[in-house]
Amino acid sequence: MAEPQPPEPPDRPALGADLVIPVLAAGFTIYFLATSAGLVWEARANGTIIGVTLLALIAFQLGRIAIRLRAGRGTLGLGELGYFSSPAQRKRGMLLGILILYIVLIPWLGTTLGLFLVMTASMAVLGVREPKLLVGASAATAIVIYLLFIAFLQTRLPLGPVEHLLNPLFRSG
Amino acid sequence: MGWDTALFLNLTLDAFKLIWVIVPAVLIGILVGAIPGFSAQNTLIILLPLTLAMDINVALAFMVSLYCATHLGGGIPAILVNMPGTGGAAATTLDGYQMTLKGQAQQALVLCFVASTVGGLVTSIATVALLPILAQLGFYLRSVEMVAVMVFGLVLIAAISAQDLLKGLIAGFFGLMIGAIGTDHIYGTPRAAFGFLELYDGVPLVPALIGLFAISEALIMLERESVVPTSSVAKSRAAHWADTLEGLRLSLKYLWQTIWTAFIGLIIGIVPGAGASIASFVAYQQSRMFSKTPELYGTGFAPGVVAPESANNGVTSGTLVPLMAIGVPGGSTAAVMMVVLQYQGIVLGPRLFIEMPQIAYGIFFSMTVSYIVMLFTILPLARYMSQVVLVPTRVLVPLILSLTIVGAFANREYVFDMGLALVFGVIGYIARKTNYHVTAILIGVILGPLFEQYLLRSLRLGQGDLTILFSSTTANVLWAMVVLSVLLPYLRSWQQKRARVAAG
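Have a look at this one:
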């Protein structure tokens, strides 16, 4: 299935994207250092040594990007990360939404039913339209996980209506 | 105890008699290893009631076979879909996945299987012969040296996995910083836990592994129709036994490499806490350093699969050495085995080799047999496994996301960990798109708590003086290697630039 592609990348690389991880890392480091400032030295020694080194590395990276920007060898754009309206980005957002919903609902749905629904919804988002494939693949995954991890290995995965129905048949005790 | 041929022959025969328990353990281990999140130690914990009820020799054979098989299983998804089943297989993604993209998934799988089994086999036999000497190795690396080892490991990983060393270092130190979340080791004060009780024990590794590798890769994979590019689909579809034979030919070609990198794994495995993740990267780096064609690493080069897989299976013997020789488990799986041994009333330590040599050495013989079983069980399956890459991503991506999100829960049984895996998934996705290598972040997260433990121990020894870190010759050699590892890539690129200029 051919999809509209994000705009052609400009000649100059989007250096703003290179700043996302350093900004996240710097933000977290500052949070760590600020919240542990009142603790005894032993409790903050490790964070301080790593944090200061990390901030120094980030400063180098910022300097490097600033030099490239000044020389006109890049832009501050986010590149592919910033194309929020592209089909792939929309699918990504929907998949993450489905997973968040799954995590919220798993205590009620249980693992098996939850997995079945997540698989079905995710495949539908990614363009699977054949009902046999949608139901077959989802059911097979849910059944394998139930049999292997809940019935055989007795992992304490969240239980729901399906597990309550099947456990007397497959699990001892 | 010295070499006793009669005893060792008996132990070999005994180990072969346990094949009925080794085969199912190997199959469970491969399956568990291939699914991120379901680690050997968790499976062994879950199966503890079963192993405690078994005869001690049977229980040991079962545990050790399952443990070794998970190391092999971890390489399968690393090669096929760029997500390691275990942390030890993270380095396998570097060349294994590239081989898959070139339509050589079957060859890569065969290389992985042969390297894993031969590496494991050779080191388990060597361990039997060298056990008394190997047991001493762990004593030479104290907290000061361990700090240097960890920084060295992290710098190596940053240099190997990232095209840009600075980005690799930022990723690695970001991982270390994340690894510092949780209560401190001395006073138990929580740090940077964002108010979540679930983070007081630190960041759990399984959700980090699942998020950084599996979820982020799945989010990228959905942009394509299949795992392999269109140009390689026909090649992958036409996979036949000749590709398995080609993989075997390559395995033979790199047999010497398999053997010496396995010994790197064995030695690193002996150091408590170091483990397969570090061993596989160190082996990869050493293999690249001694190669005549280092530029081919990372492009789908066979030795890039052989070195990490052989090393992470060499670790399996190594982690058991301190357990049997001094009663200190070399890793979490060894700790579970220790529980079973102690439950059976076995006192670990040097006397074990005199009083119960059938247990002390028997475990390594069971390991040897399990590797032989593994090779014959898994090799014929490579052809069929390689077809996974032909499954359309619209089915494969949901499958990966569903299985791994369940895996994130299974480790600690917190729904919170599933959310954490998603957060790491988003971080991993951004890191992949911007070339901040996820492997460096993951290794940082793994090393974080260990690094703090050894750093604090060193600081206590030096009464707070940081120069204690430079107080031993071994540590100083390691620090010099750290500096060299940072400078070498720059020197090499400067040299290449000069050569290009000279060539006109």
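Residue numbers (our numbering), protein chains in the order written: chain A, 2 to 174; chain B, 309 to 812. Backbone N, C-alpha and C fix where the C-beta goes; we use that ideal spot for every residue, glycine too. These figures come from a predicted structure and were not determined experimentally.
Open item on the list: If contact is defined by three or more beta carbon pairs under 8 Å, each pair taking one atom from either stretch, is the stretch 611-618 of chain B in contact with the stretch 589-603 of chain B?
Closed with: yes
Open item on the list: At the 8 Å Cβ level, is B:F481 part of the contact set with chain A, yes or no?
Closed with: yes
Open item on the list: Whole angstroms are fine: how far does the CA of B:A811 sit from the CA of B:F724?
Closed with: 59 Å
Task: DSSP state of B:R842 mapped onto helix, strand, coil - done: The first residue shown for chain B is 309 and the last is 812, placing residue 842 of chain B beyond what the model contains.
- [ ] From the DSSP output, read off the bridge partner residues of B:G490.
- [x] B:R499
TODO: Could you check what DSSP says for B:T601 in three-state terms: helix, strand or coil?
DONE: coil
Open item on the list: Within a Cβ cutoff of 8 Å, which residues of the same chain sit near B:S793, ignoring the five residues on either side of it in sequence?
Closed with: F460, V463, L464 and A467
TODO: Starting from B:P688, trace the alpha helix (DSSP H) both ways and give me its first and last residue.
DONE: That residue, B:P688, is in no alpha helix (DSSP H); it is neither H nor E in DSSP.
Task: Closer than 8 Å to chain A by CB, B:V644 - done: no
TODO: Please check the pair B:G583 and B:T624, which I expect to be a contact at CB under 8 Å, by giving their CB distance rounded to whole angstroms.
DONE: Not a contact, Cβ separation roughly 11 Å.
Task: 9 Å Cβ cut-off: residues of chain B touching A:R142 - done: Per the sequence presented here, residue 142 of chain A reads as Thr, with Arg not at that position. Per Cβ cutoff of 9 Å: P706, L707, S710 and L711.
Task: Whole-number beta carbon distance between B:A333 and B:V340, since they are thought to touch under 8 Å - done: B:V340 to B:A333, Cβ: 10 Å. No contact.
Open item on the list: Rounded to the nearest angstrom, what separates B:Q406 and B:V705 at their Cα positions?
Closed with: 19 Å
TODO: Go ahead and pull the three-state DSSP assignment for A:A15.
DONE: strand
Task: Inter-residue spacing [alpha-carbon to alpha-carbon] between A:S175 and B:V703 - done: The structure shown does not extend to residue 175 of chain A, since chain A is modelled only from 2 to 174, so the question has no answer here.
Open item on the list: Looking at chain A, is there any beta carbon in it that lies within less than 8 Å of the beta carbon of B:E603?
Closed with: no
Task: B:V495 at chain A interface by Cβ criterion, 8 Å - done: Rather than Val, the amino acid found at residue 495 of chain B in this sequence is Tyr. It does: the Cβ of B:Y495 has a partner Cβ on chain A nearer than 8 Å.
- [ ] Using beta-carbon positions only, say whether B:I523 and A:Y103 come within less than 8 Å of one another.
- [x] no
Open item on the list: Check whether the stretch 748-763 of chain B and the stretch 388-407 of chain B are in contact - that is, three or more C-beta pairs closer than 8 Å.
Closed with: yes
Open item on the list: Could you check whether the Cβ of B:I567 sits closer than 8 Å to any Cβ belonging to chain A?
Closed with: no
Open item on the list: Rounding to the nearest angstrom, what Cα-Cα distance links B:M323 and B:T676 in this structure?
Closed with: Per the sequence presented here, residue 323 of chain B reads as Ala, with Met not at that position. Approximately 9 Å, taken between the alpha carbons.
- [ ] Have a look at B:V422, B:G490 and B:W787 and flag the residue whose alpha-carbon is nearest the alpha-carbon of B:G510.
- [x] B:G490
- [ ] Might you give, ordered along the chain, the residues of its own chain that have their beta carbon closer than 8 Å to the beta carbon of B:V590, omitting 5 neighbours on each side?
- [x] G461, L464, I572, I576 and A619
Open item on the list: Going by DSSP, what residue range makes up the alpha helix (DSSP H) through B:D275?
Closed with: The structure shown does not extend to residue 275 of chain B, since chain B is modelled only from 309 through 812, so no value can be given for it.
Task: chain A contact residues for B:E760, given Cβ-Cβ distances below 9 Å - done: A46, N47, G48 and I51
Open item on the list: Quick check on the burial criterion: 16 or more other C-beta atoms within 10 angstroms. Buried or exposed for B:S432?
Closed with: buried
Task: DSSP-derived helix/strand/coil call for B:T394 - done: coil
Task: Residues near A:M2 by beta carbon distance below 8 Å, same chain, minus five either side - done: For A:M2, the predicted model reports a pLDDT of 44, less than 50, meaning its position is unreliable and no value from the coordinates is stated.
Open item on the list: Short of 8 Å in beta carbon distance, which residues of its chain neighbour B:I654, apart from the five on each side in sequence? Order them along the chain.
Closed with: I364, L660, M664 and I667
- [ ] Take the Cβ of B:V535 as the centre, count every other Cβ of all protein chains shown within 10 Å, and call the residue buried at 16 or more, exposed below.
- [x] buried
- [ ] Can you give me, in chain order, the residues of the stretch 551-562 of chain B that have a beta carbon less than 7 Å from any beta carbon in chain A?
- [x] none
Task: Under 9 Å by beta carbon: chain A residues contacting B:V457 - done: Simply none; closest approach about 16 Å.
Task: is_contact[B:T742, chain A] using C-beta, thresh 8 Å - done: yes
TODO: Report the neighbours of A:V21 on chain E: residues whose CB is nearer than 7 Å to its CB, in chain order.
DONE: Included in the structure are the protein chains A and B, with no chain E among them.
TODO: Kindly confirm or deny that the stretch 71-86 of chain A and the stretch 109-122 of chain A touch, where touching means at least three C-beta pairs closer than 8 Å.
DONE: no
Open item on the list: Here's the rule: buried if 16 or more other CB atoms are within 10 angstroms of the residue's CB, otherwise exposed. What is B:R808?
Closed with: exposed
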